[in-house]
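Residue numbers (my numbering): 52 to 136.
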């Protein structure tokens, strides 16, 4: 996902992604879910309100090919959302 940042995980069950531009997390979650991609915003994972650029992407029990497909789908959803709003 060009312009977005993440730290390659060395373990765990998710990766945190900082997007290049803010998004409406509720709208993004809905579109991603409809496309079969699970994503969470940072609301449940920070003491203070996180910025609208943080996403939490779970990857446990998925092989690398499935994760890559999910990231491509999510990238397309984010690109479309940014173009429309």
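All residues carry an ideal CB built from backbone N, CA and C; glycine is no exception.
- [ ] Leaving out five residues on either side along the sequence, give the residues of the same chain with a beta carbon under 6 Å from the beta carbon of residue 57.
- [x] Counting from one through the chain shown, the residue named residue 57 turns up at place 6. Result list for residue 57: 66 and 68, in chain order.
TODO: Compare the C-alpha of residue 107 against each of 115, 130 and 97 and name the closest.
DONE: Taking the chain shown and counting its residues from 1, one reaches residue 107 at position 56. In terms of Cα proximity to residue 107, the closest of 115, 130 and 97 is 97.
Task: Euclidean distance between Cα positions of residue 78 and residue 118 - done: For the purposes of this step, residue 78 is identified with residue 27 of the chain shown, where counting begins at 1. For the purposes of this step, residue 118 is identified with residue 67 of the chain shown, where counting begins at 1. Approximately 21 Å between the Cα atoms of the pair.
Task: Alpha-carbon to alpha-carbon, residue 75 and residue 102 - done: Taking the chain shown and counting its residues from 1, one reaches residue 102 at position 51. Taking the chain shown and counting its residues from 1, one reaches residue 75 at position 24. Their Cα atoms are separated by approximately 11 Å.
Open item on the list: Give me, in chain order, the residues of the same chain whose beta-carbon lies closer than 8 Å to that of residue 184; leave out the 5 immediate sequence neighbours on both sides.
Closed with: Any answer about residue 184 is impossible in this case: the structure gives the chain only from 52 up to 136.
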